[in-house]
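In my numbering, the protein residues as written are -9 to 137.
For glycine and all other residues, C-beta sits at the position ideal for the given N, C-alpha and C.
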């Protein structure tokens, strides 16, 4: 079990009482388009050691496929942690694909579910929470569209 920067065991929210949010493809596209709330999540992370922004690599690939250069932009943000697809993630995403879930959502689902370090899971920040509605143990935060 990993400890937070401040030490200690994971609390109900996450390591050391941390809060974490997972940006899905739509949230990444919103961030790249200048969505102020998406930007605020990243900015708050830079100023608070107990706040974390996670970007699933598959979501980043999907977003970069729709908006060239977005991966480089997101990758340059020091407050954002890009999470690779490991063996457990590949197994989970594979099972989700067999169940009809789109691959671009699968990695976000995997990262959002409860773990030893994140007993309550991490919320998925998304413009469209509907695709996550029937997925067990997945909580979302709706990111409003901005004009």
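Cutoff 7 Å; reference residue i; Cβ partners in own chain excluding five residues on either side
i	result
residue 25	133 and 136
residue 94	15, 48, 49 and 52
residue 46	12, 73, 97, 98 and 101
residue 130	113, 114, 116, 119 and 122
Cα-Cα separation, residue i to residue j
i	j	result
residue 99	residue 54	19 Å
residue 60	residue 126	30 Å
residue 12	residue 39	16 Å
residue 72	residue 63	12 Å
residue 89	residue 121	13 Å
residue 42	residue 128	17 Å
residue 86	residue 97	9 Å
residue 92	residue 119	14 Å
residue 104	residue 80	17 Å
residue 83	residue 75	9 Å
residue 10	residue 36	13 Å
residue 21	residue 28	5 Å
residue 123	residue 66	32 Å
residue 78	residue 113	19 Å
residue 23	residue 34	18 Å
residue 30	residue 17	12 Å
Bridge partner(s) assigned by DSSP for residue i
i	result
residue 116	132
residue 92	Paired residues: none, contrary to the question.
residue 9	41
residue 46	73
Same chain, Cβ closer than 8 Å to residue i, neighbours up to 5 away in sequence not counted
i	result
residue 19	53, 56, 57, 60 and 117
Spatially closest choice to residue i from the options, by CA coordinates
i	options	result
residue 44	124, 101, 37 and 7	101
residue 32	107, 84 and 70	70
residue 7	36, 109 and 22	109
Test: residue i CB closer than 8 Å to a CB of chain C
i	result
residue 11	No chain C is present in this structure, which holds just one protein chain.
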